[in-house]
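At position 4 of the sequence shown the residue is numbered 4 (UniProt numbering), and the sequence of numbers has no breaks.
From the three backbone atoms N, C-alpha and C, an ideal C-beta is built for every residue, glycine too.
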Amino acid sequence: MTTTRRLTTAQALIAFLARQHTERDGRRQRLIAACWGIFGHGNVAGIGQALLESGDAMPYHQGRNEQAMVHAAVGWARHRDRLSAHAVTTSIGPGATNLVTGAALATVNRLPVLLLPGDTFATRPADPVLQQLEHPGAGDVSVNDCLRPVSRYFDRITRPEALIPAALQAVRVLADPVETGAVTLALPQDVQAEAYDWPEEFFAERVWHVRRPAPDPAELAAAAGAVRAARRPLLIAGGGVHHSEAEDALRALADATGIPVASTQAGKGSLHHAHPADVGGIGHTGTAVADDLARTADLVIGAGTRYSDFTTASHTLFADPGVRFVNLNIAPSDAHKLAALPLVADARTGLEALTEALAGHRVPAAYEKEYAVGKQAWEKAVTRAFTAPDETARPTQAQVLGALDSVVDETDVVINAAGSLPGDLHKLWRARSRRQYHLEYGYSCMGYEIPAAIGVALAEPGRPVWAFVGDGTYLMMPTELVTAVQEGVPIKVVLVQNHGYASIGSLSEAVGGERHGTAYRFRAADGTYTGDPLPVDLAANAASLGMHVLRARTVGELRAALAEARACDRPTCVYVETETADTVPGAPPAQAWWDVPVAEAATRPAARRAREEYERDPRGLRARRRYL
């Protein structure tokens, strides 16, 4: 006779999730380690009550913004190598739709998060209910359908018993390194509260093995043959190297073969910055040495990368007429990009197999000397950008990075996502460990940094975690500072004030937009803007939200403030206003092109000039190619 347990649907779901684990390489951990939530009608009497009853079995974190809760969950998942995730529950209506941006970010970056939005009544006792979207042509549509295109798995639980197959499918996708991303179970509020006699087996402890598939022998032989035949191979390390904990395998390959290694935003730190084969970031925000090697490479080996347009410089970077690609990726769709020889495998397993297949092979000594010289020259450029001639002057953004570089060690984690900082970090940051460089640039989402820092700090308590935030990003989503204060999470926020959207302002100027709408300035009665910045005190705002705030006016004060913040055991914000004058040297410019189409017809001279330059740039349209 089957034993049953009478629970509501919400109680059953929380009990089920608390018993799910992942295992890889013999190490086991909770799949859903905690649940974030903001409660309202639609989840307060269902999931909210179930979380209260669950006690320590399912830890709960209180958020202030639904999108930010997803970002915090993503920060946790990335720091845990995708082997553990968080759930996020919201009310119906705006609470649910606020999840869309975070869900897209998770899916774009292949990072697991479980979304549990409330939904309107399945039984429709009153129609419409508060916050219900009425669709005249479809009675079963709700706002949660917005989450379908940004979720890797979506289901709406309209009957209690439907939860059983849906929950199993949901955790299967979350634990699958190929399929993972945002997973959504939409939960009608009446069904959440409905009781059902659940089979006891549903609550049995389950361990989901995360596989490390080995490469196909024929694919491995073809890939090794291509590497042996190449004169100037270049390896690009993507986020998959980190997710698969393949850093040691990558280093062994580089040591054995001398193949230079460049990195995407997600892959930076795959090699220590001082390793002889590490040539830094690749693509539009890459280093001069890495991009020069890419232009002349006859073979590009992609390891765990999905080849975004920033990596390929909008398909203009790999310029050798005969360039070919070998793509090592656990996802077949990524392994076949750019007409590559696919090597479908786990990154660590694949790199180990490739190293063995290349036994005795090494690139020419002249090639190693060439990129060693380029690496040395770029290191000097980094030092120039980081160094402030005058310690009493206001720092540039690059000098802010230099000041932080001087106070951190390999245990620190630096988080960023949007604006001009990702470009400077990718080019300049000296990554000291596999977890130190945490850039979300697949979706380049403003507002990610602070909540992600909370997620990372929860994932590894005691580790110094820095959220690098520009003023534009800060104004998008400062609310989770309250969460950090409430939960006592000692994140360190570096708040960089440059009075506007610096990155988009520069881009606007480059494409003939004349920096329209990209600065915080007073607007006069005649509609024109003055040159004075708005009297906005973001440091005071952070303090009002409970943060310990340190103000730094000079390079010397900044270095001291960063050292003090690093030692703090409470949430701390270092506020610094940066020098933005064009006459002050900053980070080196972009080393490769990036396609942002310019207006083909315009009346303003700036836009016409920008279009002429767009068509004339030798690195741009004329250099673009299809890799077939």
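Bridge partners of residue i, per DSSP?
| i | result |
| --- | --- |
| Ala34 | His86 |
| His548 | Thr572 |
| Val469 | Leu495 |
| Ile415 | His438 and Ala467 |
| Glu23 | Arg28 and His209 |
| Tyr60 | Cys35 |
| Glu577 | Gln497 |
| Leu115 | Val88 and Thr184 |
| Pro199 | Thr4 |
| Phe154 | Thr184 |
Assign residue i to one of three DSSP states: helix, strand, or coil.
| i | result |
| --- | --- |
| Leu495 | strand |
| Pro128 | coil |
| Asn65 | coil |
| Ile504 | helix |
| residue 638 | Nothing can be reported for residue 638: it is not among the residues displayed for the chain, which extend from 1 to 628. |
| Asp190 | helix |
| Arg78 | helix |
| Ala182 | strand |
| Arg159 | coil |
| Asp216 | coil |
| Leu425 | helix |
| Trp594 | coil |
| Cys445 | coil |
| Leu168 | helix |
| Ser54 | helix |
| Thr396 | coil |
| Glu370 | helix |
| Phe121 | coil |
| Ala12 | helix |
| Ala377 | helix |
| Pro136 | coil |
| Ala452 | helix |
| Asn43 | coil |
| Val489 | coil |
| Val363 | coil |
| Gly95 | helix |
| residue 658 | Nothing can be reported for residue 658: it is not among the residues displayed for the chain, which extend from 1 to 628. |
| Ala540 | helix |
Taking 7 Å as the CB-CB cut-off, is residue i touching chain B?
| i | result |
| --- | --- |
| Lys268 | Judged by its chain identifiers, the structure shown contains no chain B, having just a single protein chain. |
Since I believe residue j is in contact with residue i (beta carbons under 8 Å), could you give me their beta-carbon distance rounded to a whole number of angstroms?
| i | j | result |
| --- | --- | --- |
| Val74 | Val113 | 6 Å |
| Asp471 | Gln497 | 5 Å |
| Lys375 | Val241 | The pair is not a contact, with the Cβ atoms about 19 Å apart (cut-off 8 Å). |
| Val129 | Phe121 | 6 Å |
| Ile491 | Ala457 | 5 Å |
| Gly238 | Asp119 | Not confirmed; about 36 Å, so no contact. |
| Ile32 | Leu17 | 4 Å |
| Gly181 | Ala87 | Contact doesn't hold; Cβ gap of about 14 Å is too wide. |
| Thr287 | Phe310 | 14 Å between Cβ atoms; not a contact. |
| Leu439 | Leu401 | Not a contact, Cβ separation roughly 13 Å. |
| Ala403 | Leu562 | 6 Å |
| Leu187 | Ile157 | 6 Å |
| Arg430 | His273 | 4 Å |
| Arg251 | Leu271 | 6 Å |
| Ala502 | Gly419 | 7 Å |
| Leu328 | Arg228 | Incorrect: roughly 16 Å between the Cβ atoms, too far for contact. |
| Thr123 | Asp176 | Their Cβ separation, rounded to whole angstroms, is 34 Å, which puts Thr123 and Asp176 out of contact at 8 Å. |
| Val555 | Gln399 | 6 Å |
| Thr9 | Leu147 | With 8 Å as the limit, Thr9 and Leu147 do not qualify as a contact, their Cβ atoms being about 19 Å apart. |
| Leu116 | Thr89 | 4 Å |
* Any 3 or more C-beta pairs closer than 8 Å across the stretch 567–579 and the stretch 595–605 -> no
* **alpha helix (DSSP H) runs wholly inside the UniProt domain "Thiamine pyrophosphate enzyme central" (221–354), at least 4 long, in chain order** => Taken in chain order, the complete alpha helix (DSSP H) segments of 4 residues or longer contained in the UniProt domain "Thiamine pyrophosphate enzyme central" (221–354) are 239–243, 247–257, 288–296, 309–312 and 332–335.
* To do: Could you tell me whether the stretch 342–350 touches the stretch 312–320, using the rule of 3 or more Cβ pairs below 8 Å?
  => no
* Asked: Pairing CB atoms from the stretch 39–56 with CB atoms from the stretch 75–82, are three or more of them under 8 Å?
  -> Segments in contact, no.
* Meets three-Cβ-pair contact criterion under 8 Å: the stretch 291–310 and the stretch 225–245 -> yes
* Take every Cβ of the stretch 248–255, pair it with every Cβ of the stretch 409–427, and state whether three or more of those distances are shorter than 8 Å. => no
* To do: Report yes or no: do three or more beta-carbon pairs, one from the stretch 471–487 and one from the stretch 539–556, lie closer than 8 Å?
  => yes
* Inspect the CB distances between the stretch 80–100 and the stretch 19–29 and report whether three or more fall short of 8 Å. => Pairwise C-beta distances place the stretch 80–100 in contact with the stretch 19–29, as three or more of them are shorter than 8 Å.
* Asked: Three or more C-beta pairs closer than 8 Å, one from the stretch 260–276 and one from the stretch 215–224: is that the case here?
  -> no
* Asked: Should the stretch 462–470 be called in touch with the stretch 440–454, which here means at least 3 C-beta pairs below 8 Å?
  -> yes
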